[in-house]
Every structure is written in C-alpha cells, then in structure tokens.
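Visitor:
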Amino acid sequence: MNSAPFGSSVPLVIDPSSWHRQGAPAVLPEWEAAVEADLLVSCPVATLEILTATRNEREFALVEETLAALPQAPVTASACQAALGAARKLGARRRIPAADYLIAAAAAERGFGVLHADKHFELLAPVLGFESVRID
Numbered sequence: 041m042n043s044a045p046f047g048s049s050v051p052l053v054i055d056p057s058s059w060h061r062q063g064a065p066a067v068l069p070e071w072e073a074a075v076e077a078d079l080l081v082s083c084p085v086a087t088l089e090i091l092t093a094t095r096n097e098r099e100f101a102l103v104e105e106t107l108a109a110l111p112q113a114p115v116t117a118s119a120c121q122a123a124l125g126a127a128r129k130l131g132a133r134r135r136i137p138a139a140d141y142l143i144a145a146a147a148a149e150r151g152f153g154v155l156h157a158d159k160h161f162e163l164l165a166p167v168l169g170f171e172s173v174r175i176d
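Take 41 as the starting number for the sequence shown in this note's numbering and just add one per residue.
1) Since C153 is in the beta strand (DSSP E), which residue starts that stretch and which ends it?
2) Rounded to whole angstroms, what is the Cα-Cα separation between L68 and Q62?
3) Using C-beta distances below 7 Å, list every residue in its chain close to I143, excluding the 5 sequence neighbours before and after it, in chain order.
4) Which of the three DSSP states, helix, strand or coil, is assigned to R150?
5) Going by DSSP, what residue range makes up the beta strand (DSSP E) through R174?
6) Which residue's Cα is closest to the Cα of E177: T92, H60, G47?
7) Less than 8 Å between the CB atoms is what I'm expecting for P111 and V81, so what's the real figure, rounded?
Right, here's the structure in full:
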C-alpha cells in the first residue's frame, strides 16, 4: 500500500523526535513516501542531536552520511536572530530547548516545515511561520 508523504508537500526538516520514530509501523509508510518524494531536510543542530544517540562509530558514520546527503537548512545569523525574536514573543511560554528554536528558525528561513513528535514546534510554528507536522 502506497502512502502520501507527511504534510502538504513542503520540504520538512527532520527533528530528532521524528528521526527516532521513523521505523514505527504507524510512521514508516509516510516516512518512506517522504523519502521517495525528496521532502526530508536536515539541519546541523538536529544532526548533532541525532548523532548523540548513535551507539558506536559505525552507526555515527552511517547516520552522519545519510543526513549529509539530504538538502540542508543551515543555521544562519538571521535564523539565530529569528530564534531570539521567537523567544521574546513567546514570553512565559518560552521554556523551549534552544535547539528547537534554532531548528524551527532555520526551517522557516528556507520556507520548510518541521517534522517532529514534540509539542514545542506547535508553539513555535505560528510565531516563526513554518508548517508544523507532528507524528506520533
């Protein structure tokens, strides 16, 4: 059975929360469809987080190579400024990890969405203006 990819066909930056769920039976068909449609994007901050969960050098190298082959959403100076602005706008709701601000801002800067299983991106999406695609 073929599935449609996640979201609205906008490229999606992979958050570690989604990366670690890619093999789940409820997620795998849409993940594979997103891969097939070239809709998955990496971000250096997310890559660093994902790599910290690797178990050995072989897995580290394989994951690093896989993520490096994807289109990238770099964290630029303007993305950092946007992340700071989002923290200001969110006020008391800003107890969000710095990495999530940076991933979201990098995605928004490129017109990408974020693929995640993390409520923080649902708070960041309206502030930074990106598509938030949550998986479970």
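We put the beta carbon where it would ideally sit given N, CA and C, even for glycine. The structure displayed is predicted, hence computed values, not measured ones.
Guide: To lay it out plainly:
1) The question names Cys, but residue 153 is Gly in the sequence shown. From DSSP, the beta strand (DSSP E) with G153 extends over 153–156.
2) 6 Å
3) So the qualifying residues of the chain are V53, D55, C83, V85, A86, V154.
4) helix
5) Per DSSP, the unbroken beta strand (DSSP E) holding R174 starts and ends at 172–174.
6) Since the first and last residues shown for the chain are 41 and 176, residue 177 lies out of range.
7) Right, the Cβ-Cβ distance comes to about 5 Å (below 8 Å), so this counts as a contact.
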